[in-house]
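Q: Numbering (full-length UniProt numbering), first residue to last: 1 to 102.
All C-beta atoms in this analysis are idealised placements derived from N, C-alpha and C, irrespective of residue type, glycine included.
Note that the coordinates shown come from a computational prediction; the quantities given were computed from them, not determined experimentally.
One structure coming up, written as structure tokens, with questions to follow.
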């Protein structure tokens, strides 16, 4: 990974709202969770919606989407659009984090 890519990631995470959204996405989608929000063991690949992040962070949806946009541009998020194209769901791009840490 280029040093410039790592700097872009760090700059995105230096913004308070982006850091909060990143942490909430990481907590909501982590495979290390013992239970999901319904009390079941997590299975498969999980993504979180802007609506779920509104509940977790108390931030307005527009702030969440702006922060997620910064994180996407920095390569920190994987995106799953909904079938109607109204919103996106996100998870942490673990490959990008691993590359940045080496």
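Determine the direct distance from the alpha carbon of residue 4 to that of residue 60, and round the result to whole angstroms.
A: Locating residue 60 in the chain shown gives position 60, counting from the first residue. Locating residue 4 in the chain shown gives position 4, counting from the first residue. In this structure, the straight-line span from the alpha carbon of residue 60 to that of residue 4 is close to 31 Å.
Q: Helix, strand or coil for residue 88 per DSSP?
A: For the purposes of this step, residue 88 is identified with residue 88 of the chain shown, where counting begins at 1. Residue state for residue 88 is assigned as strand, using DSSP reduced to three classes.
Q: Need the endpoints of the alpha helix (DSSP H) that residue 78 sits in, please.
A: The residue given as residue 78 occupies position 78 in the chain shown. That residue, residue 78, is in no alpha helix (DSSP H); its beta strand (DSSP E) goes 77 to 81.
Q: Whole angstroms are fine: how far does the CA of residue 47 sit from the CA of residue 95?
A: On the chain shown, position 95 is the one that residue 95 refers to. On the chain shown, position 47 is the one that residue 47 refers to. Going by the C-alpha atoms only, they are around 16 Å apart.
Q: Hey, residue 11 and residue 71 are a contact pair by Cβ (cut 8 Å); roughly how many whole angstroms apart?
A: Residue 11 sits at position 11 when you count from the first residue of the chain shown. Residue 71 sits at position 71 when you count from the first residue of the chain shown. 11 Å between Cβ atoms; not a contact.
Q: Would you kindly work out how many angstroms separate the C-alpha atoms of residue 17 and residue 86, rounded to a whole number?
A: Taking the first residue of the chain shown as 1, we reach residue 17 at position 17. Taking the first residue of the chain shown as 1, we reach residue 86 at position 86. Computed Cα separation, rounded: 22 Å.
Q: Go through its chain and collect everything with a Cβ distance to residue 57's Cβ below 6 Å, but skip five positions before and after it.
A: Sequence index remark: in the chain shown, residue 57 carries index 57 (1-based). Once the five neighbours on either side are set aside, the close Cβ partners of residue 57 are 20, 24.
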